[in-house]
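Numbering (my numbering), first residue to last: 3 to 135. Just so you know, even glycine gets a beta-carbon here, dropped at the ideal spot from N, CA and C. Worksheet: one structure, shown below.
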């Protein structure tokens, strides 16, 4: 069990663009799904020890993480759901910033990783600079 709980912040960009799509598509299920995402982010150390979260990069007190999640009430595993969060962890301040929340259907599938990196580069220059994206 992790000793420290992280504070979770949803960035405005992800609220305006991607969360809005999930709210529209999943209506009543989205509230519970978002609560689950917040809980997982608060306990991100535990998630990193499972196959639900992948450590992408580390730089000083920062980590970039991809987290798989499933929509509440659907009988689909988080990995196979195609739903992802890209997170910025600030370990010294114990903050998780939710940079992106997306479904693989929301972005071109020819190279998912390259697509979310492009979005991070364009929307979050400070993150781009921390990780040399």
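Cα-Cα separation, residue i to residue j
{"i": "residue 71", "j": "residue 14", "result": "20 Å"}
{"i": "residue 26", "j": "residue 34", "result": "14 Å"}
{"i": "residue 44", "j": "residue 38", "result": "10 Å"}
{"i": "residue 54", "j": "residue 109", "result": "20 Å"}
{"i": "residue 9", "j": "residue 58", "result": "20 Å"}
{"i": "residue 22", "j": "residue 30", "result": "13 Å"}
{"i": "residue 64", "j": "residue 96", "result": "10 Å"}
{"i": "residue 3", "j": "residue 51", "result": "In this prediction, residue 3 scores a pLDDT of 47, lower than 50, which makes its location untrustworthy; no coordinate-derived value is stated."}
{"i": "residue 77", "j": "residue 41", "result": "20 Å"}
{"i": "residue 124", "j": "residue 116", "result": "12 Å"}
Where the alpha helix (DSSP H) through residue i begins and ends
{"i": "residue 22", "result": "22-28"}
{"i": "residue 99", "result": "Residue 99 -> not in any alpha helix (DSSP H); beta strand (DSSP E) instead, spanning 97-105."}
Beta-carbon separation (whole angstroms), residue i vs residue j, contact threshold 8 Å
{"i": "residue 101", "j": "residue 129", "result": "7 Å"}
{"i": "residue 132", "j": "residue 98", "result": "Actually they do not touch by this definition, with Cβ atoms about 15 Å apart."}
{"i": "residue 105", "j": "residue 75", "result": "With 8 Å as the limit, residue 105 and residue 75 do not qualify as a contact, their Cβ atoms being about 16 Å apart."}
Residue i burial status per 10 Å Cβ neighbour count (16 or more: buried)
{"i": "residue 16", "result": "buried"}
{"i": "residue 89", "result": "buried"}
{"i": "residue 49", "result": "buried"}
{"i": "residue 127", "result": "exposed"}
{"i": "residue 67", "result": "buried"}
{"i": "residue 36", "result": "buried"}
From the options, residue whose alpha carbon lies closest to that of residue i
{"i": "residue 107", "options": "8, 30 and 20", "result": "20"}
{"i": "residue 56", "options": "39, 126 and 86", "result": "86"}
{"i": "residue 12", "options": "91, 135, 120 and 117", "result": "91"}
{"i": "residue 18", "options": "113, 116 and 103", "result": "103"}
{"i": "residue 62", "options": "94, 82, 29 and 31", "result": "94"}
Host beta strand (DSSP E) of residue i (start-end)
{"i": "residue 68", "result": "64-71"}
{"i": "residue 85", "result": "85-92"}
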